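Start counting the sequence shown at 165; every next residue gets the next number (the working numbering). Virtual Cβ for every residue (Gly too), placed ideally from N, Cα, C. In this text the structure is predicted, and so the values were computed from the model without any measurement.
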Amino acid sequence: MAGAATVGAAMAEFPRLLHHGPFPPAPARAERLAALRADPDADPEEVAAAEADLAASIVAIQRDIGAPAQSDGAAPALADGFLAGLCGVEVVEVEAGRDGLRADDHPAFAADHPWVARGARLAALAPASGFLALPGPARWDVATGRDAPSALAEPEALHARLAAALAEALRALHGAGVAHIVIDGLALAPGGGRAPRPLEGLALLAAALADRPVELRVTLAVSRAAFAALTAAAGDDPEGAAEALAAVPADALMAPLREASDMTALSALAGAPRRILLGAIDAAGREPRRGDHDAPRRAVDAAARLLDPDRLGLCPDGAFALEGAAALAEDDAKRKLDLMVRAAEAIWGDVSG
165 MAGAATVGAA
175 MAEFPRLLHH
185 GPFPPAPARA
195 ERLAALRADP
205 DADPEEVAAA
215 EADLAASIVA
225 IQRDIGAPAQ
235 SDGAAPALAD
245 GFLAGLCGVE
255 VVEVEAGRDG
265 LRADDHPAFA
275 ADHPWVARGA
285 RLAALAPASG
295 FLALPGPARW
305 DVATGRDAPS
315 ALAEPEALHA
325 RLAAALAEAL
335 RALHGAGVAH
345 IVIDGLALAP
355 GGGRAPRPLE
365 GLALLAAALA
375 DRPVELRVTL
385 AVSRAAFAAL
395 TAAAGDDPEG
405 AAEALAAVPA
415 DALMAPLREA
425 SDMTALSALA
435 GAPRRILLGA
445 IDAAGREPRR
455 GDHDAPRRAV
465 DAAARLLDPD
475 RLGLCPDGAF
485 ALEGAAALAE
495 DDAKRKLDLM
505 VRAAEAIWGD
515 VSG
């Protein structure tokens with residue numbers, strides 16, 4: 165099943181719409197699961213059953229609305245995240261009140277990584293349409309630390325091993341039945357932290373995706389800041405950023421559209437033969453009004469003057485927030501997803517996949 169990945173599933177078969185993965189849970193189910201996880205005496209089977217129940221409810225919401233791809237809705241805490249589950253990576257307190265990740269000199273993906281079971285559960289709920297979000301290079305903020313048992317002299321070696329772990333994860337998750345992966349965390353301009361430099365990170369990601377199973381769909385979720393780096397006004401090397409992004413063998417790219425300049429950035433994507441999902445749905449506000457398709461349609465019409473219209477689709481302009489001041493209620497997220505599906509149907513007809 166594995167082999168050199170061409171740029172993806174046939175365009176006609178690739179979904180016209182997708183969200184980033186996180187989806188607000190029903191409060192009662194979320195509270196029950198949180199209470200079980202906080203109880204040191206809780207039966208592990210009861211915890212697993214509550215996790216499965218919550219995931220099933222979120223998949224059902226997405227399917228009932230008409231979304232062609234469904235996530236389990238989870239946005240794991242640091243300790244439950246993909247990187248923390250790698251062999252040789254641990255969660256440590258980096259300063260008072262703030263945790264981070266630290267690796268030894270051989271971080272690696274193992275067959276018993278907890279996300280394999282998560283992927284299998286999702287695949288049972290959403291055969292051929294379930295997707296998970298994995299961290300891209302901009303989120304590989306992993307230290308070795310002065311007191312870590314590490315022989316790494318250069319961060320590049322650590323980043324290369326994390327890329328290799330991602331490649332192994334793609335094969336394992338596909339084997340577990342996951343149909344689609346969203347890579348969230350791409351940088352196209354210099355930033356802070358210990359993540360790879362942007363263009364090096366994209367090269368590592370391209371290598372990690374090169375030999376993925378050909379049936380596994382991959383979408384790149386580009387942040388607003390990263391997308392802005394494709395314009396001469398905001399980026400140090402917009403042409404280099406566009407070329408590096410085009411070289412990543414993914415099937416689709418999520419492009420946030422919040423300002424007029426974003427259309428300029430969109431034109432830089434003309435050369436890569438992939439689905440372009442336009443971030444024309446506000447992920448953060450409490451709107452929209454049901455049935456208000458004007459903004460998505462305007463975005464599609466404007467993008468169609470720059471790109472092949474057959475390549476276009478829709479997505480939110482970011483992930484749905486599950487906590488903090490920007491957290492969405494379940495009903496708000498439902499309205500946004502419903503708007504996205506109805507707008508896509510109004511533009512393209514049936515988008516059920």
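By Cβ distance below 8 Å, which residues in the same chain neighbour residue i in space, the five residues on each side in sequence not counted?
i, result
"P480", "H183, H184, G443, I445, D446, A447, K500 and M504"
"M427", "L421, A466, A467 and L470"
"R201", "V211"
"K498", "I225 and I229"
"L433", "L394, A406, L409, A410, L417, A419, I440 and L471"
When the Cα atoms are used, what is the spatial distance from residue i to residue j?
i, j, result
"A410", "G449", "31 Å"
"A248", "F178", "31 Å"
"A224", "G435", "37 Å"
"D263", "R381", "32 Å"
"F295", "A327", "20 Å"
"L486", "P240", "10 Å"
"A507", "G513", "9 Å"
"L441", "V515", "13 Å"
"L478", "R461", "10 Å"
"P313", "D268", "Any reading at P313 needs caution, since the residue's pLDDT is 47, under 50, leaving its predicted position unreliable; the model's value is listed next. Each residue's Cα considered, the two are about 5 Å apart."
"P402", "E195", "45 Å"
"A272", "H344", "22 Å"
"A340", "S431", "37 Å"
"A198", "D496", "22 Å"
"P188", "A219", "11 Å"
"G230", "W279", "26 Å"
"E332", "H338", "10 Å"
"V253", "A288", "29 Å"
"A385", "A408", "15 Å"
Keeping to the same chain, check which residues put their C-beta closer than 7 Å to that of residue i; ignore five residues upstream and five downstream.
i, result
"A243", "V255"
"G357", "D305"
"G300", "I347, D348, G349, L350 and L369"
"R193", "D217, L218 and S221"
"R439", "M175, F178, D415, A416, R475 and G477"
"A459", "A444"
Name the DSSP beta bridge partners of residue i, please?
i, result
"L442", "A419 and L478"
"L218", "None; L218 has no bridge partner."
"V515", "Answer is none; V515 lacks a bridge partner."
"L181", "L478"
"A307", "R266"
"Q226", "Beta-bridge pairing links Q226 to no other residue."
Could you check if residue i is buried or exposed, using at least 16 other CB atoms within 10 Å of its CB as the buried criterion?
i, result
"V258", "exposed"
"D465", "exposed"
"A474", "Note that residue 474 corresponds to Asp in the displayed sequence, not to Ala. Exposed, since its Cβ has fewer than 16 Cβ neighbours within 10 Å."
"R325", "buried"
"D203", "exposed"
"P232", "buried"
"A429", "buried"
"G482", "buried"
"P362", "buried"
"A493", "exposed"
"P208", "exposed"
"G283", "buried"
"A206", "exposed"
"A510", "exposed"
"A213", "exposed"
"P519", "With the chain represented from 165 up to 517, any question about residue 519 goes unanswered, as that position is not in the structure."
Within a Cβ cutoff of 6 Å, which residues of the same chain sit near residue i, ignoring the five residues on either side of it in sequence?
i, result
"L286", "D236 and G294"
"A321", "none"
"L352", "P362, A390, A393 and A405"
"A290", "V223 and Q234"
"H277", "G249"
"R180", "G477, A508, W512 and V515"
Return the chain-ordered ranges of every beta strand (DSSP E) run that is complete within the segment 338 to 418 and spans a minimum of 3 residues. 344 to 348 and 381 to 385
Please go through the segment 239 to 303 and give each complete beta strand (DSSP E) segment of 3 or more residues, from N-terminal end onward. 251 to 259, 262 to 272 and 295 to 299
Secondary structure, alpha helix (DSSP H): runs of 4+ residues fully inside the segment 478 to 511: none
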